[in-house]
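All residue numbers for the sequence shown refer to the numbering used here, where the first residue is 316 and numbers rise by one.
Ideal placement from N, C-alpha and C gives every residue a C-beta, glycine not left out.
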Amino acid sequence: QVQLVESGGGLVQPGGSLRLSCAASGTIFSIRTMGWYRQALGKERELVAVITSGGNTNYADSVKGRFTISRDNAKNTMYLTMNNLKPEDTAVYYCNTKSVYRDYWGQGTQVTVSS
């Protein structure tokens, strides 16, 4: 059973930085495409960034140039480094991976950008 556990969220001032982590277990992490999603209050969940098993990345336009997705296969962990945070980045951030049959999600970690 695939399990994903996010950490690293918190309260940060505009312009600040955070690094989120997603620890995976119950799967061969290195072969999986992994992604970060976020859901702001009252809005639909949206894709933030994705990284393939080969290290190719893709980002939502709203975070390009500010966020970096990465992975450490030896640690079965994915990261999201967020710089120059804006109030509109406030959301619950979720780790995701997919199989043929279903999506797997972590429990989410809250990121709040406010002065």
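**Request:** Put Lys413 into one of helix, strand or coil per three-state DSSP.
**Result:** Within the sequence shown, residue 413 is the residue found at index 98, counting from 1. In the three-state reduction of the DSSP assignment, Lys413 falls in the strand class, which pools E and B.
**Prompt:** Just curious, the beta strand (DSSP E) that Ile366 is in, first and last residue?
**Reply:** Numbered from its first residue, the sequence shown carries residue 366 at position 51. Ile366 -> beta strand (DSSP E) spans 361 to 366.
**Item:** Pairwise C-alpha distance: Cys410 and Ser322
**Value:** On the sequence shown, position 7 is the one that residue 322 refers to. On the sequence shown, position 95 is the one that residue 410 refers to. Computed Cα separation, rounded: 10 Å.
**Host beta strand (DSSP E) of Val378 (start-end)** = For the purposes of this step, residue 378 is taken as residue 63 along the sequence shown, with counting starting at 1. Per DSSP, Val378 lies in no beta strand (DSSP E) segment and is marked neither H nor E.
**Asked** If you draw a straight line from the alpha carbon of Tyr394 to that of Val428, how long is it in whole angstroms?
**Response** As a working note, residue 394 is residue 79 in the sequence shown. As a working note, residue 428 is residue 113 in the sequence shown. Distance between the alpha carbons of Tyr394 and Val428 is about 19 Å.
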